[in-house]
Amino acid sequence: MNRIIHFNHSATNNQSKPVESADHKYLGFMHHESRDDEMTYSISFQDARVYMPVKYEPNYAYPLIVYLQGREASTSQYQFLMEAISTQNHLAIELDVDERGNISSGDVMQKIHKAVSQMTRHYNVHTERILVMGDGLRGTLAIKTVLSHPESFWGFIALNPDDPKQDCPLKQFRHLHHLRGFLHSETENHWIQNYSRLLHDSGLKIHLDQSVSKPVSQRDSQADNRICRLIDRFIVQGIWDSYSEI
456 MNRIIHFNHS ATNNQSKPVE SADHKYLGFM HHESRDDEMT YSISFQDARV YMPVKYEPNY
516 AYPLIVYLQG REASTSQYQF LMEAISTQNH LAIELDVDER GNISSGDVMQ KIHKAVSQMT
576 RHYNVHTERI LVMGDGLRGT LAIKTVLSHP ESFWGFIALN PDDPKQDCPL KQFRHLHHLR
636 GFLHSETENH WIQNYSRLLH DSGLKIHLDQ SVSKPVSQRD SQADNRICRL IDRFIVQGIW
696 DSYSEI
């Protein structure tokens with residue numbers, strides 16, 4: 456089973472060309488480990504936790520999802536989400552981002568840089584396949600961070616992001632062509648459609664998913680599972696696209 460684990464895991468960092476994962480199907484949510492098994496990887500990153508595939512392969516260079524999460528959310532929710540996306544296709548690390556503190560993309564970048572440095576010491580991370588993911592305001596922050604530092608990332612995954620309005624850092628448009636973006640909105644609105652077109656015209660490969668959500672009393676897990684499958688497909692397709700560009 457997947458674990459939310461300490462950085463002192465006995466993983467190695469052997470660089471090799473990634474291979475196609477056999478996990479192409481959504482395998483469903485798995486029961487999480489007890490909270491007693493959840494550990495932090497250093498005193499200075501007490502709110503960051505690592506998600507590992509069920510069968511970690513040290514010779515496979517994994518994409519890394521940097522998940523921006525708030526203190527009010529539980530680690531179990533983070534683990535469930537990562538497992539729902541895929542039990543095998545990626546590594547992930549959770550970073551605490553308090554949206555009430557008006558944290559900037561520069562502050563987030565510093566946290567990400569330190570976290571990725573730690574990850575690459577212990578796990579086989581494909582450093583050209585790092586995605587920043589967030590929900591709501593943190594989804595918007597994920598977009599801004601990636602667009603402000605395009606040389607450091609593969610792309611972003613933004614779920615129900617808020618309208619960034621005029622704050623759209625596209626000054627480095629010459630360096631955006633390798634980026635990928637996944638945008639999901641539970642409401643039909645024009646701004647996210649126009650925004651996705653703007654990003655596409657700037658050179659990004661954009662996947663836009665819009666689905667009108669049902670009332671809470673009528674919801675089930677199928678819609679969330681569908682989004683997670685789309686995210687996994689977005690990641691795997693990006694890997695295949697990178698091979699075709701060689």
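So the sequence shown is residues 456 to 701, counted in the working numbering. Virtual Cβ for every residue (Gly too), placed ideally from N, Cα, C.
Item to check | Cβ separation of R635 and W609, assumed to be a contact under 8 Å, to the nearest whole Å | outcome: Translated into the one-based positions of the sequence shown, residue 635 becomes position 180. Translated into the one-based positions of the sequence shown, residue 609 becomes position 154. Indeed, because the Cβ distance is near 6 Å, the residues count as touching under 8 Å.
Checklist entry - So does the region 536-546 actually touch the region 510-521, counting three or more Cβ pairs closer than 8 Å? => result Yes, the region 536-546 is in contact with the region 510-521.
Checklist entry - Does the separation of the CB atoms of V580 and V571 fall below 8 Å? => result Within the sequence shown, the letter at position 125 stands for residue 580. Within the sequence shown, the letter at position 116 stands for residue 571. Inclusion of V580 and V571 in the CB contact set at 8 Å is warranted, their separation being smaller than that value.
Checklist entry - Does the beta-carbon of N468 have 16 or more other beta-carbons within 10 angstroms, so that it is buried, or is it exposed? => result Translated into positions along the sequence shown, residue 468 becomes position 13. Per-residue confidence for N468 stands at a pLDDT of 41, beneath the threshold of 50, marking its modelled position as unreliable; the derived number appears in the next sentence. So N468 ends up on the exposed side.
Next on the checklist: Mapping the DSSP letters down to three states, classify Q692 as helix, strand or coil.
Outcome noted: As a working mapping, residue 692 is identified with position 237 in the sequence shown. Helix.
Item to check | N-terminal and C-terminal residue of the beta strand (DSSP E) that K660 is part of | outcome: The residue labelled residue 660 in the question sits at position 205 within the sequence shown. Looking at the DSSP string, the run of the beta strand (DSSP E) that includes K660 is K660 to Q665.
Next on the checklist: Can you tell me which residues form a DSSP beta bridge with L586?
Outcome noted: Counting from one through the sequence shown, the residue named residue 586 turns up at place 131. DSSP output for L586 lists I520 and G610 as bridge partner(s).
Checklist entry - If you run the structure through DSSP and keep just helix, strand and coil, what is S640? => result For the purposes of this step, residue 640 is taken as residue 185 along the sequence shown, with counting starting at 1. DSSP places S640 in strand when its eight states are reduced to three.
Checklist entry - Is the beta carbon of F637 less than 8 Å from the beta carbon of H662? => result In the sequence shown, the residue the question calls residue 637 occupies position 182. In the sequence shown, the residue the question calls residue 662 occupies position 207. Yes, the Cβ-Cβ distance between F637 and H662 is below 8 Å.
Checklist entry - According to DSSP, is V563 helix, strand or coil? => result Locating residue 563 in the sequence shown gives position 108, counting from the first residue. When secondary structure is reduced to three states using DSSP, V563 falls in the helix class.
Checklist entry - When we look at the beta-carbon of L536 and count the other beta-carbons within 10 Å, is it buried (16 or more) or exposed? => result Looking up residue 536 in the sequence shown gives position 81. Counting Cβ neighbours within 10 Å, L536 comes out buried, since at least 16 surround it.
Item to check | Which listed residue (D617, H632 and L631) has its alpha carbon closest to that of E641 | outcome: Residue numbering aside, residue 641 sits at position 186 when the sequence shown is read from its first letter. Nearest of D617, H632 and L631 to E641, Cα basis: D617.
Checklist entry - Among H568, L596 and D664, which has the Cα closest to the Cα of E606? => result To locate residue 606, count along the sequence shown from 1; it is residue 151. For E606, the nearest C-alpha among the options comes from H568.
Checklist entry - Do you know how far the Cα of T542 is from the Cα of P508? => result Position 53 of the sequence shown, counted from the start, is the residue given in the question as residue 508. Position 87 of the sequence shown, counted from the start, is the residue given in the question as residue 542. Cα to Cα, the separation comes out at about 5 Å.
Checklist entry - To the nearest angstrom, how far is it from the Cα of R576 to the Cα of Q534? => result Looking up residue 576 in the sequence shown gives position 121. Looking up residue 534 in the sequence shown gives position 79. Taking the straight line joining both Cα atoms gives about 22 Å.
Next on the checklist: Please report the straight-line C-alpha distance between L550 and S699, rounded to a whole angstrom.
Outcome noted: Along the sequence shown, read from residue 1 onward, the residue named residue 550 stands at position 95. Along the sequence shown, read from residue 1 onward, the residue named residue 699 stands at position 244. Spanning the two alpha carbons is a distance of roughly 32 Å.
Next on the checklist: Going by DSSP in three states, M494 sits in which element: helix, strand or coil?
Outcome noted: Here residue 494 corresponds to residue number 39 of the sequence shown, with the count starting at 1. In this prediction, M494 has a pLDDT of 34, which is less than 50 and means its spatial position is unreliable; nothing more can be read from the coordinates.
Item to check | T582, buried or exposed, once every other Cβ within 10 Å from all chains shown has been counted against 16 | outcome: Within the sequence shown, numbered from 1, the residue matching residue 582 stands at position 127. Label assigned to T582: exposed.
Item to check | Backbone secondary structure at I548 - three-state DSSP | outcome: Here residue 548 refers to the residue found at position 93 of the sequence shown. I548: strand per DSSP, three-state reduction.
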